[in-house]
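Numbering (our numbering), first residue to last: 7 to 232.
Rendered as structure tokens:
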């Protein structure tokens, strides 16, 4: 979708733009493309897999995954729904840069056009939870540093936490590195439960038991300092 759009804009429409695509080297099965997601892919993100349980009297959890860490987000979704009963959606974020660019354009339009209909950023529309008494719990995970997903935080309707690979680079297996940088499915689950504990009075016993079950120790070295 992105390559086709880039060819159209650069060679057919002769627009003064260039496209780049980040390629990662992890092999995993490519899922079928969800119906009706072409526009979202180009705009920077779309709902990849909806929650399998209703929100009812609980906040909706929204996991933002990118690249190969989409697999971790999907694993975390299963854990959160099956083990902790939390309704969880997974969004595929194809471009934080595009989401931020659109949001900044909306901000500028609204600033220069007081009294006119406000433009609402695409990311706000994408993640807005209508007809709910709760703010969503949003956890973003990627192989980038946390500053990348944090760049859209002002326009995210919900309580956002970013996970990323901040710290000094090193060579190890994928599993070891994702544990070290705290970006695997276990840390996505923990970040979600931590936000629920801080904002929605989740029982302390639940999060303490989760840390034991997930094998996460509170005295683990901070990857920023290690």
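Quick reminder that beta carbons are idealized off the backbone N, C-alpha and C, glycines included.
- At least 8 Å separates the beta-carbon of residue 79 from that of residue 67.
- Residue pairing of residue 166 in beta bridges, as defined by DSSP: 144.
- In this structure, the straight-line span from the alpha carbon of residue 21 to that of residue 74 is close to 31 Å.
- Boundaries for residue 59: no beta strand (DSSP E) harbours it, and the DSSP string shows neither H nor E there.
- Between residue 127 and residue 142 the beta-carbon gap is near 16 Å, outside 8 Å, which marks them as no contact.
- In the structure shown, the three-state DSSP call for residue 64 is coil.
- The straight-line gap separating the alpha-carbon atoms of residue 206 and residue 18 is approximately 52 Å.
- Per DSSP, residue 206 has no beta bridge partner at all.
- Of the candidates 118, 23, 25, 47, the residue whose Cα lies closest to the Cα of residue 105 is 47.
- Looking at the DSSP output, residue 46 shares a beta bridge with no other residue.
- Spanning the alpha carbons of residue 158 and residue 219 requires a straight line of approximately 32 Å.
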